[in-house]
Amino acid sequence: MHRYRTHTCGDLRETQAGEEVRLSGWCHRIRDHGGVLFIDLRDHYGITQCVIDPDSGAFAAAEKLRSEWVVRFDGHVRRRPEGTENPEMPTGFVEVYVTAILILGPAAELPLPVFGEHQYPEDMRLKYRFLDLRREKLHNNIMLRGAIIDSLRARMKAGGFFEFQTPILTASSPEGARDFLVPSRLHPGKFYALPQAPQQFKQLTMVAGFDRYFQIAPCFRDEDARADRSPGEFYQLDIEMSFVTQEDVFEAVEPVLRGIFEEFGEGKPVTQQFPMISYSAAIRAYGSDKPDLRNPLLIHDVTQAFRDSGFGVFAKRLAADPEARVWAIPAPGGGQRTFCDRMDSWAKSEGQPGLAYIFWREGEETGAGPVAKNVGPERTEHIRRGLNGVPGEWVQVPAPELTASTGEKFPLEVANPYRQLRPEGLKAGDAVFFVLGKPDDIYKFAGLARQRLGTELNLATKDVFEFCWIVDFPMYEWNEDEKKIDFSHNPFSMPNFDHDAFIALDDADQATTLSIKAFQYDIVCNGIELSSGAIRNHRPDIMKKAFALAGYDEAVLLEKFGGMYRAFQYGAPPHGGIAPGVDRIVMLLAGEENLREVVLFPMNQRAEDLLMGAPSEVTPKQLRDLHIRLNLPEKKG
RNA sequence: GGGGGAGUAGCUCAGCUGGUUAGAGCGCCGGCCUGUCACGCCGGAGGUCGCGGGUUCAAGUCCCGUCUCUCUCGCCA
């Protein structure tokens with residue numbers, strides 16, 4: 008007989024009744040009835056009920072067992088007595104009658120129990136991660152993660168991609184997030200950096216002629232955490248392809264993601280054709296470049312209805328500032344004063360001056376609330392009827408005409424789900440909220456309000472994965488602090504502009520420069536940015552011009568990206584790629600709200616590993632070897 | 001770096017406008033219990049109320065400072 012087990016705790020069924028078996032595992036739950044003792048024995052594969060009674064010879068030993076002790080049981084399988092079966096468990100029709108017990112690993116009193124679904128404090132869970140990981144939900148999440156990564160690999164390989172490994176110790180990159188640095192012992196005063204992404208390596212792999220690259224790539228960024236952003240390190244399905252257009256990348260990646268979500272999405276519908284939405288249309292219609300399309304609400308432009316109106320606050324601002332707009336977010340079902348006031352105080356808590364609104368109720372068809380009174384019944388009626396998802400004279404709907412990457416147009420009801428909700432405009436019981444300001448200043452808040460209304464009014468579709476492409480990101484943006492033009496995303500993207508005309512551009516022509524779009528795209532699912540990618544700029548002359556337009560001369564380009572700039576001098580193929588975030592994909596598929604629920608050993612929000620105690624101090628000798636002298640900040644107080 | 005929330009038994013939490021000996025559930029220890037699967041019943045141990053200072057006759061409760069955790073904004077080519 009094997010030293011530890013003949014079967015796992017998930018194996019045994021009625022067909023094995025009568026067999027002599029040996030099981031090893033953790034004491035999951037112990038029920039002591041005095042004369043008979045039930046121990047649920049748990050391992051990775053399942054749980055098996057084990058029974059000990061005074062006749063078994065193991066009774067005295069069994070009474071000493073406690074939760075989470077690791078034990079080996081010898082015994083025989085038997086069918087459970089009639090009426091005591093547990094159909095909830097795969098092994099619920101059998102039990103093991105235990106005749107011998109060997110304690111393999113006793114456990115101290117637990118800081119957090121494994122059994123049950125109680126919520127425990129985050130720092131406790133992280134410090135005792137090995138216990139937390141024994142719990143069913145987290146254990147399953149980690150196994151799901153592995154299965155998803157297997158499937159991603161298989162799908163990529165089936166798509167003709169090859170997996171590569173790129174360096175972990177590399178050079179600090181000047182753009183983007185803060186780097187993690189590793190001091191060099193052999194080169195005093197110099198540092199390696201952990202890669203924020205294998206961006207340059209994958210492009211160089213294309214220059215080297217490998218054609219279709221992928222990697223489940225670790226990425227390191229020294230930035231503060233978010234619920235959907237791990238501190239320090241995370242994984243991307245990193246992809247790069249040669250001789251491709253944007254559409255080729257879409258056609259390669261879309262089926263992989265759709266397939267993964269269909270395979271692991273437990274039957275929840277997945278967008279069959281990912282619509283393409285331009286960055287500017289997304290900002291105007293959803294107030295975000297990562298719109299949650301489960302929410303049917305659209306932001307309407309009702310500037311016209313307030314211009315020269317009796318609502319002084321808005322009318323004056325519109326008269327004074329030609330760029331100012333009034334954006335309206337319809338709130339079907341939100342037409343109660345208490346609800347509107349609650350939204351107003353929420354807006355104030357978000358640092359806004361407030362949230363103007365009109366609402367409609369039976370007997371007050373001309374609209375209730377101070378805004379309606381000041382604007383007057385005629386304009387209020389234009390707003391009410393105009394908020395039906397169809398553009399009109401007084402109300403503009405910036406709903407994009409959605410296109411699939413195949414070029415196919417989506418029908419209006421897909422592109423504009425809001426139209427289905429209120430085809431005749433708002434009615435009694437509904438409300439509308441108004442945001443005033445320059446689009447650049449108000450879009451984020453308008454987007455937040457749209458999300459909040461969707462949630463509060465329970466309008467969002469549930470149990471679906473709504474995907475879209477966000478395309479046509481601006482190549483440059485205005486940096487208000489430094490009063491200069493900056494790269495909007497990354498300097499590697501190819502401008503979506505005639506190449507000769509681009510090179511001929513006047514460096515001082517800021518208006519044209521700021522209007523240039525890039526072949527830069529994101530995939531968004533349920534309001535979460537899953538990946539970002541681009542067709543790269545593989546031409547040194549265009550790259551030099553791209554830097555010049557952002558105010559950098561060739562010396563800067565050489566200093567910052569010398570390796571790649573040099574590589575592009577020797578025959579670079581047109582190429583592009585994308586990098587879906589593996590952790591976020593798993594998070595969505597596991598139905599979790601926080602990345603820590605899908606990472607085996609995560610750090611806390613302050614980038615500390617509470618289990619291993621990282622980061623930690625090191626010995627003076629280690630520092631001497633690295634030629635480092637500490638210069639610590641003064642202790643506060 | 002800014003803002004919100006939290007810190008009371010091993011864990012989750014209650015503890016009102018300051019007032020006698022700080023409570024409950026789970027866990028732990030002991031006893032009883034032969035069919036449970038969140039087993040049940042009886043008893044017990046376990047608390048510098050995060051830390052420091054202040055106000056007060058009296059502070060878990062009010063004030064100030066500080067530390068820790070958490071969410072969030074900044075940040076994230």
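Numbers in this note's numbering are just positions in the first sequence, counted from 1, shifted up by 7.
For every residue, glycine included, the Cβ atom is placed at its ideal position computed from N, Cα and C.
Since we're looking at a predicted model, the values are computed, not measured.
If K551 sits next to L564, beta carbons under 8 angstroms apart, how far is it from one beta carbon to the other, in whole angstroms?
Indexing the first sequence from 1 puts residue 551 at position 544. Indexing the first sequence from 1 puts residue 564 at position 557. With 8 angstroms as the limit, K551 and L564 qualify as a contact, their Cβ atoms being about 6 angstroms apart.
Does the count of Cβ pairs from the region 314-325 and the region 334-342 closer than 8 angstroms reach three?
Judged by Cβ distances under 8 angstroms, the region 314-325 makes no contact with the region 334-342, as fewer than three pairs qualify.
Please state whether DSSP places H496 in a helix, a strand or coil.
In the first sequence, counting from the first residue as 1, residue 496 sits at position 489. H496 falls in the coil class under three-state DSSP.
Assess, as a yes-or-no matter, whether the region 13-28 is touched by the region 63-72 under the definition of 3 or more beta carbon pairs within less than 8 angstroms.
No, because fewer than three Cβ pairs between the region 63-72 and the region 13-28 fall closer than 8 angstroms, the two stretches do not touch.
At the level of alpha carbons, what is the spacing between E566 and F499?
Start at 1 with the first residue of the first sequence, and residue 566 comes out as number 559. Start at 1 with the first residue of the first sequence, and residue 499 comes out as number 492. Each residue's Cα considered, the two are about 15 angstroms apart.
With a CB to CB cut of under 6 angstroms and the five nearest residues on each side skipped, what residues in its chain are close to R459?
Position 452 of the first sequence, counted from the first residue, corresponds to residue 459. Excluding positions up to five away in sequence, the list is empty.
Taking the alpha-carbon positions, what's the V397 to R426 distance?
Along the first sequence, one-based indexing puts residue 397 at 390. Along the first sequence, one-based indexing puts residue 426 at 419. About 7 angstroms.
Just the Cα atoms here: how many angstroms apart are N544 and P377?
Here the question's residue 544 lines up with position 537 in the first sequence. Here the question's residue 377 lines up with position 370 in the first sequence. When rounded, the distance between both Cα atoms is 54 angstroms.
Could you pull the start and end residues of the beta strand (DSSP E) that L310 belongs to?
As a first step, residue 310 is located in the first sequence; it is residue number 303 there, counting from the start. Note that residue 310 corresponds to Thr in the displayed sequence, not to Leu. Premise fails: T310 lies in the alpha helix (DSSP H), T310 to F313, not in any beta strand (DSSP E).
State the start and end residues of the unbroken beta strand (DSSP E) segment that holds Y52.
In the first sequence, the residue the question calls residue 52 occupies position 45. Element bounds for Y52: n/a, residue is neither H nor E.
Do R79 and L109 have their beta-carbon atoms positioned less than 7 angstroms apart in this structure?
On the first sequence, position 102 is the one that residue 109 refers to. On the first sequence, position 72 is the one that residue 79 refers to. Cβ atoms of L109 and R79: closer than 7 angstroms.
Using 8 angstroms as the cut-off, can you tell me whether the region 89-96 makes contact with the region 104-120, which would need three or more C-beta pairs spanning the two stretches below that distance?
Contact fails: fewer than three Cβ-Cβ distances are below 8 angstroms.
Of all the beta strand (DSSP E) runs that stay within the bounds of the region 57-138, which reach a length of 3 or more residues?
DSSP runs (the beta strand (DSSP E)) wholly in the region 57-138: 77-86 and 101-112.
Note down the Cα distance separating A453 from S191, rounded to an integer number of angstroms.
Position 446 of the first sequence, counted from the first residue, corresponds to residue 453. Position 184 of the first sequence, counted from the first residue, corresponds to residue 191. Distance between the alpha carbons of A453 and S191: 48 angstroms.
Under DSSP, the beta strand (DSSP E) around H506 begins and ends at which residues?
For the purposes of this step, residue 506 is taken as the residue at position 499 of the first sequence. That residue, H506, is in no beta strand (DSSP E); its alpha helix (DSSP H) goes H506 to A511.
Can you say whether L117 is buried or exposed, counting buried as having 16 or more other CB atoms within 10 angstroms of its CB?
The residue given as residue 117 occupies position 110 in the first sequence. Exposed, by the Cβ-count rule.
If you draw a straight line from the C-alpha of P329 to the C-alpha of L264, how long is it?
Locating residue 329 in the first sequence gives position 322, where the first residue counts as 1. Locating residue 264 in the first sequence gives position 257, where the first residue counts as 1. Answer to the nearest angstrom: the Cα atoms are 43 angstroms apart.
Using three-state DSSP, classify G534 as helix, strand or coil.
Working through the first sequence from its first residue, we reach residue 534 at position 527. G534 falls in the coil class under three-state DSSP.
With 16 as the cutoff for other CB atoms within 10 Å, does H51 come out buried or exposed?
Your numbering for residue 51 matches position 44 in the first sequence. Under this definition H51 is an exposed residue.
For A708 versus M482, is the C-beta spacing smaller than 7 angstroms?
One cannot answer for residue 708 here, as it falls past the ends of the chain, which runs 8 to 644.
So, is N395 buried or exposed, given that buried needs 16 or more other C-beta atoms within 10 angstroms?
For the purposes of this step, residue 395 is taken as residue 388 along the first sequence, with counting starting at 1. Buried is the call here.
How many Å lie between P622 and M610 at the Cα?
Here residue 622 is taken as the residue at index 615 of the first sequence, counted from 1. Here residue 610 is taken as the residue at index 603 of the first sequence, counted from 1. Their Cα atoms are separated by approximately 10 angstroms.
May I ask you to list the residues that DSSP assigns as paired with C475?
By 1-based counting over the first sequence, the position of residue 475 is 468. BP columns for C475 point to V531.
What does a CB cutoff of less than 7 angstroms around F509 pick up in its chain, not counting 5 residues either side in sequence?
Mapped onto the first sequence, residue 509 falls at position 502. The answer, listed in chain order, is P502, I549 and K552.
Taking C-beta to C-beta, are V402 and S316 nearer than 7 angstroms?
Sequence index remark: in the first sequence, residue 402 carries index 395 (1-based). Sequence index remark: in the first sequence, residue 316 carries index 309 (1-based). Taking 7 angstroms as the Cβ cut-off, V402 and S316 do not qualify as a contacting pair.
From what residue to what residue does the beta strand (DSSP E) around E372 run?
Indexing the first sequence from 1 puts residue 372 at position 365. E372 -> beta strand (DSSP E) spans E371 to A375.
So, with DSSP's three-state summary, where would you put Y559?
Translated into positions along the first sequence, residue 559 becomes position 552. Y559: coil per DSSP, three-state reduction.
Taking H35 as the reference, which of C16, F122, S63 and G42 has the closest Cα?
By one-based count along the first sequence, residue 35 stands at place 28. Nearest option by C-alpha distance: F122.
Use the C-beta contact count for V625: other C-beta atoms within 10 angstroms, 16 or more gives buried, fewer gives exposed.
The residue given as residue 625 occupies position 618 in the first sequence. The residue is exposed, with fewer than 16 neighbouring Cβ atoms inside 10 Å.
Within 10 angstroms of its Cβ, does T173 collect 16 or more other Cβ (buried), or is it exposed?
Taking the first sequence and counting its residues from 1, the one referred to as residue 173 is at position 166. Buried, because 16 or more other Cβ atoms sit within 10 Å of the Cβ of T173.
With 16 other CB atoms within 10 Å as the buried threshold, where does P587 fall?
Translated into the one-based positions of the first sequence, residue 587 becomes position 580. Buried, since its Cβ has 16 or more Cβ neighbours within 10 Å.
Taking only the alpha-carbon atoms, compute the straight-line gap between H506 and L556 and give it to the nearest angstrom.
In the first sequence, the residue the question calls residue 506 occupies position 499. In the first sequence, the residue the question calls residue 556 occupies position 549. C-alpha separation (whole angstroms): 14 angstroms.
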